[in-house]
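Take a look at the structure below.
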Amino acid sequence: MRRTSKAILVTATAAILLTGGMISPKQASAANGTPSYEVKLNLAPSIVVDSSHNLVSSVRSEFSTGSSAKSYRVQYMDTAGRSMDGQGWSDRIRKRSDESTHQLQFKKRYPVTGGDVNAALTTAASEGLDSSASGFEFQVDWTLNKQTLSVQYEKDLTVSGYSGSGLNAPNLATSRSISVANAPSKFANWTSAGWGTTQLNNSVVYGPIDFKRYKGDFDDLELDIEIWTIVNAAKTGTEDIVEASFKTDSLSEATSARTNLINLLRTKGWLVESDVLKTSLIMERYAPVAPTPDTTAPSVPTGLTGSALSSNQVKLGWTASTDNVGVTSYDVYRNGALVGSVNSNSYADTGLTASTSYTYTVIAKDAAGNVSTASTAVSVTTLANGGPGTGALYYNVNGSAVSYIEAEQFTAKNGTFIEAACAACSGAVNMETPNGSSDSETNYIKYDLEVTSGGSFYIFLLSQGPDSSSDSFNLAVDGGSSKQVTTGSSSWAWKKPSSSISLSTGSHTLYIKVREDGAKVDKIAISKSSSTPSGLGGTALAPSYHE
Numbered sequence: 000m001r002r003t004s005k006a007i008l009v010t011a012t013a014a015i016l017l018t019g020g021m022i023s024p025k026q027a028s029a030a031n032g033t034p035s036y037e038v039k040l041n042l043a044p045s046i047v048v049d050s051s052h053n054l055v056s057s058v059r060s061e062f063s064t065g066s067s068a069k070s071y072r073v074q075y076m077d078t079a080g081r082s083m084d085g086q087g088w089s090d091r092i093r094k095r096s097d098e099s100t101h102q103l104q105f106k107k108r109y110p111v112t113g114g115d116v117n118a119a120l121t122t123a124a125s126e127g128l129d130s131s132a133s134g135f136e137f138q139v140d141w142t143l144n145k146q147t148l149s150v151q152y153e154k155d156l157t158v159s160g161y162s163g164s165g166l167n168a169p170n171l172a173t174s175r176s177i178s179v180a181n182a183p184s185k186f187a188n189w190t191s192a193g194w195g196t197t198q199l200n201n202s203v204v205y206g207p208i209d210f211k212r213y214k215g216d217f218d219d220l221e222l223d224i225e226i227w228t229i230v231n232a233a234k235t236g237t238e239d240i241v242e243a244s245f246k247t248d249s250l251s252e253a254t255s256a257r258t259n260l261i262n263l264l265r266t267k268g269w270l271v272e273s274d275v276l277k278t279s280l281i282m283e284r285y286a287p288v289a290p291t292p293d294t295t296a297p298s299v300p301t302g303l304t305g306s307a308l309s310s311n312q313v314k315l316g317w318t319a320s321t322d323n324v325g326v327t328s329y330d331v332y333r334n335g336a337l338v339g340s341v342n343s344n345s346y347a348d349t350g351l352t353a354s355t356s357y358t359y360t361v362i363a364k365d366a367a368g369n370v371s372t373a374s375t376a377v378s379v380t381t382l383a384n385g386g387p388g389t390g391a392l393y394y395n396v397n398g399s400a401v402s403y404i405e406a407e408q409f410t411a412k413n414g415t416f417i418e419a420a421c422a423a424c425s426g427a428v429n430m431e432t433p434n435g436s437s438d439s440e441t442n443y444i445k446y447d448l449e450v451t452s453g454g455s456f457y458i459f460l461l462s463q464g465p466d467s468s469s470d471s472f473n474l475a476v477d478g479g480s481s482k483q484v485t486t487g488s489s490s491w492a493w494k495k496p497s498s499s500i501s502l503s504t505g506s507h508t509l510y511i512k513v514r515e516d517g518a519k520v521d522k523i524a525i526s527k528s529s530s531t532p533s534g535l536g537g538t539a540l541a542p543s544y545h546e
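Per numbering that gives the first Met the number 0, the sequence shown starts with residue 0, numbered consecutively.
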């Protein structure tokens, strides 16, 4: 019986790799990923491909492929210096001509030494790519002379402006944008927080390259034969790579079918007795001319204003800067010392002293590290202690109606929460923590509440995860135990803990804490009804101030 989960690919080219033989891998430990196997062998293009880059009839007949093939276009993203490749990562964008979506793939490769797959899996697990890595699949790529462990993450996307039928490859700006927006957190924070995002923001396109795929059969397995037409080494024309491969879930079946396929290809005279490093050839031959370095600094932030919200909090705002490529963030300085960085044009400075004057300036930065001249300084004096309206802000929550609070209008915060620009958010900003954050009781934003008509409440967060996998917050009231709130996955959604929370009439403090990873919150809804709010919710409460 044919197994529809298995596939075979066929390729060949002039470039070769000579390596040693294989031995069987050991059984992976429980914490390691469980791999499938893909055998890849190369065929001689001068024998199996005609002048129109199609399979010759004898090959089609042997593998029952028929005469038609599916057409694909693919391109890779990396920096001009191939820094992602240097860490073993690749970012691939691929489209089939008769499909409307693109497939985005992030892959991390680990060499398998002496056939010890378990050792490679253990290395991957030690770097966070184990069986719990969300969205990742494990595969051993087995060529004629070597094995490589591939840990890959794939996602199908509808790319605006490039969907529909045809071989539509997105341009550089769009390729960067969709790669950044959909990169898994393991890649985005590989060597440090935001490492992968930085690489993608500075990436270039390698390609595009077209290939065609024939589907056939071998040893009761599905077989694909791919013909890749790439520029030759001299860049004076093209050459073909023909790759044969199939997938199985078990090592024993991969071993048996691999032996049979090698024997058949040798008998026919079609086998290339070496490995062709297809991806490496593409990266080398399609390396773009290095772009002109960006040395232009953003414009100076203008119109800086500040106002004292209380005895310990100041709110700043300014006119956004411009840049030849794009402003990525702003650094805020208080009395000459850096106090925070945001990607919006406003900032709340907290933990200040009453009746004290503070001087602020702001600089703009771009992705290339260029910085603007500092803005004109503004001085703000915090309010005095005592008297109406001079203390920290709080909210009057009336249990008879739904109460909405803007997340950025907090009473106080601690840790890594930042205010960030968000065109889709209420007030055009949200509060978020960096992707890669870990659980922390001291990493929070808090809101002081004065509740009337107390009782049992549901607390909703209009929230979002930083990537395609949902993340979460911990939510707590006063000194109570934390309740998990799982965010929306790459889209804004109202989410709440699985149970209600008791808020008696009187004073309370609501905490939103970092849990697990980065996450974003735009608005808070406090209601006695379990009905989920819609859209951006209702009008947010205006804060009051402690006397």
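Glycine included, C-beta positions come from ideal geometry on N, C-alpha and C.
The structure presented is a predicted model; accordingly, all values stated were derived computationally and were not measured.
| field | Distance, Pro110 Cα to Trp269 Cα | value | Trp269 and Pro110 have their C-alpha atoms some 27 Å from each other.
| Is Trp194 helix, strand or coil by DSSP? | Annotated three-state conformation of Trp194 is helix, per DSSP.
| request: Have a look at Ile404 and Val73 and give me their C-alpha separation to the nearest angstrom. | output: The C-alpha of Val73 is placed about 46 Å away from the C-alpha of Ile404.
| request: Indicate whether Thr295 and Asn334 have their beta-carbon atoms separated by less than 7 Å. | output: Not closer than 7 Å, so no.
| Counterpart residues of Gln146 in DSSP-defined beta bridges | Gln146 pairs with Val111, Trp141.
| said: If you measure between the beta carbons of Arg514 and Phe459, is that distance less than 7 Å? | reply: Taking 7 Å as the cut-off, the beta carbon of Arg514 is found no closer than this to the beta carbon of Phe459.
| With burial defined as no fewer than 16 other Cβ atoms inside 10 Å of the residue's Cβ, what is the status of Pro292: buried or exposed? | Counting Cβ neighbours within 10 Å, Pro292 comes out exposed, since fewer than 16 surround it.
| query | Within this structure, are the beta carbons of Asn561 and Gly414 separated by less than 7 Å? | reply | Within the shown structure, residues of the chain are numbered from 0 to 546, placing residue 561 beyond reach of any answer.
| said: When you compare the CB positions of Ile500 and Val520, do they come within less than 7 Å of one another, or not? | reply: Contact: no.
| task | Classify Ala541 as buried or exposed, calling it buried when 16 or more other Cβ atoms lie within 10 Å of its own Cβ. | result | Around the beta carbon of Ala541, a 10 Å sphere encloses fewer than 16 other beta carbons of the protein chains shown; the residue is thus reported as exposed.
| query | Within the chosen definition, does the region 490-510 reach the region 353-367 through at least 3 CB pairs nearer than 8 Å? | reply | In short, these stretches do not touch, since the Cβ pair count stays below three.
| What are the residues that DSSP puts in a beta bridge with Asp49? | Assignment of beta-bridge partners to Asp49 by DSSP yields no partner.
| Between Lys25 and Ser131, what straight-line distance do the alpha-carbon atoms span, to the nearest angstrom? | Confidence at Lys25 is low in this model, with a pLDDT of 39, below 50, so the placement of that residue should be treated as unreliable; the coordinate-derived value is given next. The straight-line gap from Cα to Cα measures roughly 20 Å.
| query | Near Ala124, what residues of its chain come up, given a Cβ to Cβ distance below 6 Å and the 5 sequence neighbours on each side ignored? | reply | Taken in chain order, the residues that qualify are Ala30, Asn31.
| Do you know how far the Cα of Ile229 is from the Cα of Asp408? | Here the sequence assigns Gln to residue 408, which means Asp is not the residue at that position. Taking the straight line joining both Cα atoms gives about 55 Å.
| query | Which of the three DSSP states, helix, strand or coil, is assigned to Asn344? | reply | Note: Asn344 maps to coil in three-state DSSP.
| query | Taking the C-alpha atoms as reference points, what is the distance between Phe137 and Tyr75? | reply | In this structure, the CA atom of Phe137 is about 20 Å from the CA atom of Tyr75.
| task | Tell whether a beta-carbon distance below 7 Å holds between Pro465 and Gly426. | result | Going by C-beta atoms, Pro465 is not nearer than 7 Å to Gly426.
| said: Helix, strand or coil, according to DSSP, for Lys314 in the structure here? | reply: For Lys314, the secondary structure class from DSSP, reduced to helix, strand or coil, is strand.
| query | Residues bridged to Ala363 by DSSP? | reply | The partner list for Ala363 (beta bridge, DSSP) reads Tyr329.
| task | Look at the alpha carbon of Tyr393 and the alpha carbon of Leu308, and state the distance between them as a whole number of angstroms. | result | So the alpha carbons of these two residues sit roughly 11 Å apart.
| Simplified DSSP assignment, three categories, for Leu199 | Helix.
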